[in-house]
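Visitor: Residue numbers (our numbering): 79 to 1357.
Ideal Cβ placement from N, Cα and C applies to all residues, glycine included.
Next up is a structure, given as structure tokens.
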């Protein structure tokens, strides 16, 4: 039960006989979850004529808005508009912000003018602003004048409204021009004005269109039908809504949860129409009731209405809700005024708090009762739950309801309560609401009192909470990801899972056939009398599982682990179950322990499946633990994973299937694992640290070649429209199909037949058309990837002989996902016709929730480069970071260091990196090095990759500041550095590395294998001496980074030693590996023509070994001279870091040259970046996504300089482009919005907005650095 400091809430709010309410909190956003939420959905609308008064004369305004900003990190969006915007005329000569006269201060003016200072005042607001301008008076030139000033002066301008609530324009009004004012007339008028305003301003995405009160007779849907090309001018589509009007005020109805759902339902079609038009939707003006709201608007019930209203609208898909503030001193629904902070403000504060930093929200109830529950997600994990009891309460003992939440993964839950004495409580009548025990000062809006948070203990992933009538409760359900420590509840789960490992009896972990493994299918059948309310399962397998519930694939796993960290998954499968018969099926592929194939799939000496959980349906409980006798298992003898194929040396996922008589199902045998005295189980289980994959449909319907009894058009229609395709008996069909973009997807084929028949299906996978390979598969020749005329479709394939019965459809889905851009489909049909009734391609990836944005109008290719970079990164992420998903799917620390940085900048999500860092740490060899790729069934050590792992630890601390996490790796960091210290030779250089350690540096054409030195990618000079300058330079650089790291985490003891070592190595390199002009690949005394590389110049600069005065010369000459071995895409990230260090005068002239390879790849129709231009083996490798870093850090100019992104450097490269708009993630919960424009005079106006304040240092081109202190916005001017 929930408790608080003191038991007041438990005692006074618990009433016998309360209705029990139970909701499960899904571990990931369910299907009914919202789209991506905006950073600040709760905004304010200030009546046009009152705007200067609120900003200048009402002291509480700034504080009330800043309180909301402090919750979300983003200033609440503001709209300036309302009835008086359509009475206002712009006066460019007026010295006053606004000029009007009224007989009574409580009145609104009938006419008014406003001057340039009105626009100036609006530009000073720290958040975004929607500016409402006049259309009713039909003075378009005047409106264009005001709009022009706003666009030119307001860096915070979000959109412009052209008129307010045209529903209420009249036939006699100026805009009607003497005609009837109808919906059609307004639609035409809006389009005309949009074209005139935006055409004059050369602007797009500017207008907040519609601005309709209600949904009929004028509607967003109707307007969009008439917009045509003018839709480009639209920023968003806007609705207005006031649920109640005089004289029919009803507070109980206003705050009713089900009543709110009914009231807002008509707007769903408006939101959907906006989305279909590619635009967002907003409620540009709203509040509880028209005409100030009478007696209900200033009440606590109205505050509760705001909370639930906001949750329902953002769930529906609206981006922002602007709550209106009317005439100062005559406004019942206003949140604040000169003298009071009204009850509704408490609701706005509570709603903002609940949604702060959230990505999605999902309703847990069906909105048909008075009781609401919402799950709120950040990075696809539940971080809060909001509970609301909308029962109307005005007198007597307060009733309460008990909410039971299941699926909670944290050990405890904290809660903040929104409450007041009654639904009718009003601040101005002495009954103030409270948020977690706190109030807001009347007249100044300051937070007052001590926060009183409540706590609840979670037991068995379940906890109960009491919510009184007319109350809301916000629960913090976030679970801090700790890779090394489990909770007591998790340990209970682990113990139960260890006791439930099973496998088939008499298993032999090998085969006389050519296969890397076998599939075993485990099934559990049961019946339910009702739809289940909860079915929480925990499970894991060795080697990999695919979970199907009633034939639908719902999970694949476990995520990458090793015997030292083997992960289990948790999932509520209730949505996939049904009343009646059900089947839970785990298909487990077991790759044999003794084979060296299937490298990415780590396994132990034992195969296994473990499942625990229960299905709850009414009064029924079905236990599904695998150790009981209800399960059956069957080895699938028909599927083989062949080894020895020339194009599959790593994965061994391609299948060969032939009809086989299957052995009967058996009851699996439990291992009965029980460990004592510190003995470890074969699998050291830990909960999954990353979210489940996301998935989406892939279009694979472009027919590039067709040899079939059917036409290419027949196939195109069938595949694109999902229509059945009849394949005649004894027919053969060969097609080449193209996906829209490079894809990593599960493929599923469904065949049916009226009579028993067969299908021979062969599917060949390719990333693009290519020319004749130089040495297949590792050295290829590729040009236009979509050139079917001159190119070949080459790649691995699945070959399946399938028997199609007449009784039920045959579904074939290869066990693992496939990577492809092109498919060759070869089908041979048996003696009876077969119908292809379904072909589905389902893209699967780690949920890369991209928060970053990019718009560089001056570079026509930058948008495509940005998109392809993200797609490349995404396709190389599933349950870890993958080296080219087509061939390897192995996670290398040399790759994931830079790739992790790209991930941080896009999403601020560190969960996949944390898993990678921790896995590498578990791979330490006896001499102290991490394995270079891990988890991997075949161990490998690359000399420099352990150093890149240390850089990954440093990067993580810089971006996220998790000192505890970082400290846990310091002993292993020191072990890696000690290995290199032990290999310092008499010259002071790194040398003499073990022969079985690959001294790989980069893929360079001239660094090939020889009989004497078979390892590729190793500099030629230095092979005989076993002394490579690169490793000394990299070691020195990492020593410097490690010194800073140990200081940052409060363990400075080794810092001076590390720095001293670095200095010694740098001196040795200068003495022995510098020929007086360039750094050589080994010692200068043995340097021949093959001893020079760009790599050593790059790392000499990065490590600080090269004098600053030489930086520019070293780079310019080595990147122009063909005798220098070239940095491939793998090293491009580090090359560009050296150019950046060398200075603006070196980096910026190189910008165009740096992006030429990407533009060439775009011209060759790649939709992901190729692995390298040396071998051209694969067309997708995430180390190629360097543009993400260059755009965000170098061009936009934002990067952290202290741990946890608490201090950032803002150094935009203004000379590269005239105009830019970008958003960059800074750590988990901060976003930097960067923009600049160039005026006709050449002046550049530069803006930086942060969702949370941090210390900022700025540096404009040619200027010194400037310290700005702790700020959340910055405006700079470069003349």
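Considering only residues of the segment 500-566, which uninterrupted beta strand (DSSP E) runs meet the minimum length of 3 residues and lie entirely inside it, listed in chain order?
Guide: Entirely contained in the segment 500-566, the beta strand (DSSP E) runs reaching 3 residues are, in chain order, 532-535, 540-546, 549-554.
Visitor: Assuming the contact rule is C-beta atoms closer than 8 Å, residue 790 and residue 781 should be a hit. Round their C-beta distance to whole Å, please.
Guide: Confirmed, Cβ separation roughly 4 Å.
Visitor: For the segment 1101-1110 against the segment 1172-1179, are there 3 or more C-beta pairs whose distance is under 8 Å?
Guide: Counting Cβ pairs under 8 Å, three or more are found: they touch.
Visitor: So the alpha helix (DSSP H) residue 190 belongs to, where does it begin and stop?
Guide: Residue 190 -> not in any alpha helix (DSSP H); beta strand (DSSP E) instead, spanning 190-192.
Visitor: Take the Cβ of residue 89 as the centre, count every other Cβ of all protein chains shown within 10 Å, and call the residue buried at 16 or more, exposed below.
Guide: Any reading at residue 89 is ruled out, since the residue's pLDDT is 22, under 50, leaving its predicted position unreliable.
Visitor: Looking at the structure shown, is residue 476 part of a helix, part of a strand, or coil, going by DSSP?
Guide: If DSSP states are grouped into helix, strand and coil, residue 476 belongs with coil.
Visitor: Let's test the definition: count the other Cβ atoms within 10 Å of the Cβ of residue 352 and tell me whether it reaches 16, buried, or not, exposed.
Guide: Buried.
Visitor: Have a look at 514, 499, 513 and flag the residue whose alpha-carbon is nearest the alpha-carbon of residue 507.
Guide: Out of 514, 499, 513, 499 has the C-alpha closest to the C-alpha of residue 507.
Visitor: Given a cut-off of 8 Å, decide if residue 1160 and residue 1066 are closer than it, judged by their beta-carbon atoms.
Guide: Not closer than 8 Å, so no.
Visitor: Rounding to the nearest angstrom, what Cα-Cα distance links residue 165 and residue 471 in this structure?
Guide: Taking the straight line joining both Cα atoms gives about 42 Å.
Visitor: Per DSSP, residue 932 forms a beta bridge with which residues?
Guide: Answer by DSSP bridge pairing, in chain order: 1300.
Visitor: Can you find at least 3 beta carbon pairs, one from the segment 911-931 and one from the segment 641-659, that sit closer than 8 Å?
Guide: No: the two stretches stay apart, fewer than three of their Cβ pairs being nearer than 8 Å.
Visitor: Would you mind giving the Cβ-Cβ distance between residue 1114 and residue 1144, rounded to the nearest angstrom? I have them listed as a contact below 8 Å.
Guide: At roughly 5 Å, the Cβ-Cβ gap stays under 8 Å, so residue 1114 and residue 1144 are in contact.
Visitor: Counting beta carbon pairs with one atom in the segment 898-910 and one in the segment 814-832, are three or more of them shorter than 8 Å?
Guide: These segments touch.
Visitor: Using only CA atoms, which one of 516, 539, 696, 1219 lies nearest to residue 530?
Guide: For residue 530, the nearest C-alpha among the options comes from 516.
Visitor: Hey, is residue 981's beta-carbon within less than 8 Å of any beta-carbon in chain C?
Guide: The structure shown has no chain C; it contains just one protein chain.
Visitor: Taking a contact to mean a Cβ-Cβ separation below 8 Å, would you say residue 682 touches residue 641 in this structure?
Guide: In this structure, residue 641 lies closer than 8 Å to residue 682 by Cβ.
Visitor: Per DSSP, which residues does residue 1309 bridge with? Please list them.
Guide: 1303.
Visitor: Considering only residues of the same chain and omitting the five flanking positions on each side of residue 854, which have a CB-CB separation below 8 Å?
Guide: 724, 725, 872, listed in sequence order.
Visitor: Give the C-beta separation of residue 430 and residue 146 to the nearest angstrom, bearing in mind that I take them to be a contact with Cβ-Cβ under 8 Å.
Guide: Going by Cβ atoms, the distance from residue 430 to residue 146 rounds to 5 Å, so yes, they are a contact pair.
Visitor: What's the gap between the Cα of residue 411 and the Cα of residue 384?
Guide: Using only the alpha carbons, I get a separation of about 11 Å.
Visitor: Rounding to the nearest angstrom, what Cα-Cα distance links residue 866 and residue 903 in this structure?
Guide: Distance between the alpha carbons of residue 866 and residue 903: 15 Å.
Visitor: In chain order, what are the residue ranges of uninterrupted beta strand (DSSP E) at least 3 long that sit wholly in the segment 977-1062?
Guide: As far as the segment 977-1062 is concerned, it has no whole beta strand (DSSP E) run of at least 3 residues.
Visitor: Give the secondary structure of residue 784 by DSSP, where H, G and I count as helix, E and B as strand, and everything else as coil.
Guide: If DSSP states are grouped into helix, strand and coil, residue 784 belongs with the strands.
Visitor: Would you say residue 1195 and residue 1293 are within 8 Å of each other, going by their C-beta atoms?
Guide: No, they are not a contact pair.
Visitor: For residue 493, which of helix, strand or coil comes out of DSSP?
Guide: Residue state, collapsed to three classes: strand.
Visitor: Kindly list the residues whose CB is nearer than 8 Å to the CB of residue 222, restricted to its own chain and excluding five residues on each side of it in sequence; keep chain order.
Guide: 274, 275, 278, 279, listed in sequence order.
Visitor: Which complete beta strand (DSSP E) runs does the segment 189-238 hold, if anything under 3 residues is left out?
Guide: Taking only runs of at least 3 residues, the beta strand (DSSP E) segments lying wholly in the segment 189-238 are 190-192, 207-211.
Visitor: Taking DSSP as the reference, what is the three-state secondary structure of residue 860?
Guide: Three-state DSSP puts residue 860 in coil, outside helix and strand.
Visitor: Between which two residues does the alpha helix (DSSP H) holding residue 1175 run?
Guide: Residue 1175 -> alpha helix (DSSP H) spans 1172-1180.
Visitor: My output table needs one value for residue 130: the three-state DSSP class, helix, strand or coil.
Guide: In the structure shown, residue 130 sits in a helix (DSSP, three-state: H, G or I).
Visitor: Three-state secondary structure (DSSP) at residue 1249?
Guide: Coil, per DSSP.
Visitor: My assumption, with CB atoms under 8 Å, is that residue 1389 sits in contact with residue 373. Please give the rounded CB distance.
Guide: Nothing can be reported for residue 1389: it is not among the residues displayed for the chain, which extend from 79 to 1357.
Visitor: Quick check: what's the CA-CA separation for residue 756 versus residue 956?
Guide: Cα to Cα, the separation comes out at about 33 Å.
Visitor: Return the CA-CA distance between residue 492 and residue 986, expressed in angstroms with no decimal places.
Guide: So the alpha carbons of these two residues sit roughly 24 Å apart.
Visitor: To the nearest angstrom, how far is it from the Cα of residue 315 to the Cα of residue 234?
Guide: Computed Cα separation, rounded: 19 Å.
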